[in-house]
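Asker:
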Amino acid sequence: MARVYQQAFATTLSNVARTDYERITVKPLAGALGAEIGGVNLARLDDKTFAEVHRAFLDHSVIVFREQDITPEQHAALGRRFGALMIHEFVAGLADHPEVMPVVKEPREAFVFGNVWHTDMTFREIPPLGSLLYALEVPEYGGDTMFASTYAAYDALSATTRKLIDGLYAIHSAGQVYGPKGELNEEGFQTGNQATRIHVKKEAEKTMEHPVVRTHPETGRKCVFVNLAFTTGIRGMEPEEADPILRMLCEHSTKPDFTCRVRWQKGTLTFWDNRCTQHYALNDYPGRRRRMHRVTVQDKTRPR
Ligand SMILES: [Fe+2]
């Protein structure tokens, strides 16, 4: 039987407030991950401030900036300081800035993009380093995004489970979301009237393998790297064997203790480290509009 109370995670949660920043302020949002960064104008980021922002990003995995005012050009330029930008093959970008992807829910729509725990685009050979999501228009309340630390998830696993999953490779595919048989191609969804323009393609069904436990290329820390949206199996296992392990890891990775929650305001920009987190966009604002822009940064190496 599962324990009624969780084991104490206090020794593994590591979202520690540090004070050795000179240019920026850093205020943790929760015990596991997330911090609000102050003292930064993202439209003008000098090298020293950028270096501190980068350090805060590695320390906290999800960093939140308030009251920013940036154009799509500035948004893309900010992303490029962290790496090459990615263009989403299944979601349309802006006509004049294809690397800036609008994520929009109109009041008439019931669908909310990202309304499942996931890590962005793990179906790619080199998944994103991170995503920068910028709020242009948000409901007065609702429409928050939750994030979960997959470092904390790995740290809290028993030694026995770690031994089982270390060295396994998971199979990832975009097919169950963006493929012809995927959820976003179900009858009633593809009316051509969606504000976030999804392109269903056969090529979504191709598969990619990544380690179930990856080591973060910059921090050297281990984290669980499977997610409900895009992980479909484990190499060398039958579905009956792989499914319960994946279900357990996905549920474990998103325990409330490992999460933080970002409440958006117009002008909020949140940058998450896609290598060591999952996120979930809440669908709790029916009848209201939410309009965001996303820029996605590619990592430099394959997960390992
Ligand atoms: Fe996402």
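Numbering (our numbering), first residue to last: 1 to 304.
The beta-carbon is built from N, C-alpha and C at its ideal position, and this holds for glycine as well.
Leu-45: which of Lys-27, Leu-58, Phe-65 sits nearest, CA to CA?
Answerer: Phe-65
Asker: How many whole angstroms separate the CB atoms of Met-86 and Pro-128, which I take to be in contact at a CB cut-off of 8 Å?
Answerer: 6 Å
Asker: Closer than 6 Å to a non-hydrogen atom of ligand 1 - does that hold for the CB of Gly-267?
Answerer: no
Asker: Going by the CB atoms, is the gap between Val-226 and Leu-168 shorter than 7 Å?
Answerer: no
Asker: Does DSSP put Cys-260 in a helix, a strand or coil?
Answerer: strand
Asker: Any idea what DSSP makes of Thr-49, helix, strand or coil?
Answerer: helix
Asker: Measuring CB atoms only, is the segment 283–296 touching the segment 168–184, in the sense that at least three cross pairs come out at less than 8 Å?
Answerer: no
Asker: What runs of the beta strand (DSSP E), each 3 residues or longer, lie entirely inside the segment 225–293?
Answerer: Whole beta strand (DSSP E) segments, 3+ residues: 231–234, 259–262, 269–273, 277–281.
Asker: Within its chain, find whatever has a CB closer than 6 Å to the CB of His-216; leave out the 5 residues flanking it on each side and keep chain order.
Answerer: Excluding sequence neighbours, His-216 sits near Arg-275, Cys-276.
Asker: With distances taken from each beta carbon to the nearest heavy atom of ligand 3, which residues come in below 6 Å, in chain order?
Answerer: Although ligand 3 was asked about, the structure shown includes only ligand 1 as ligands.
Asker: Is it right to say Gly-31 is buried, meaning 16 or more other beta carbons lie within 10 angstroms of its own, or is it exposed?
Answerer: buried
Asker: To the nearest angstrom, how far is it from the Cα of Arg-221 to the Cα of Val-53?
Answerer: 19 Å
Asker: Buried or exposed: Asp-69, going by 16 or more other Cβ atoms within 10 Å of its Cβ?
Answerer: With fewer than 16 other Cβ atoms from the protein chains shown falling within 10 Å of its own Cβ, Asp-69 counts as exposed.
Asker: For a test of the three-state rule: what should DSSP assign to Val-177, helix, strand or coil?
Answerer: helix
Asker: Spell out the partners DSSP gives Lys-222 in its beta bridges.
Answerer: Thr-215
Asker: If you run the structure through DSSP and keep just helix, strand and coil, what is Pro-128?
Answerer: strand
Asker: Find out if the Cβ-Cβ distance for the pair Gly-233, Ile-165 is shorter than 7 Å.
Answerer: no
Asker: Thr-160 lies in the beta strand (DSSP E); which residues open and close that run?
Answerer: Run containing Thr-160: none in the beta strand (DSSP E); it sits in the alpha helix (DSSP H), 159–165.
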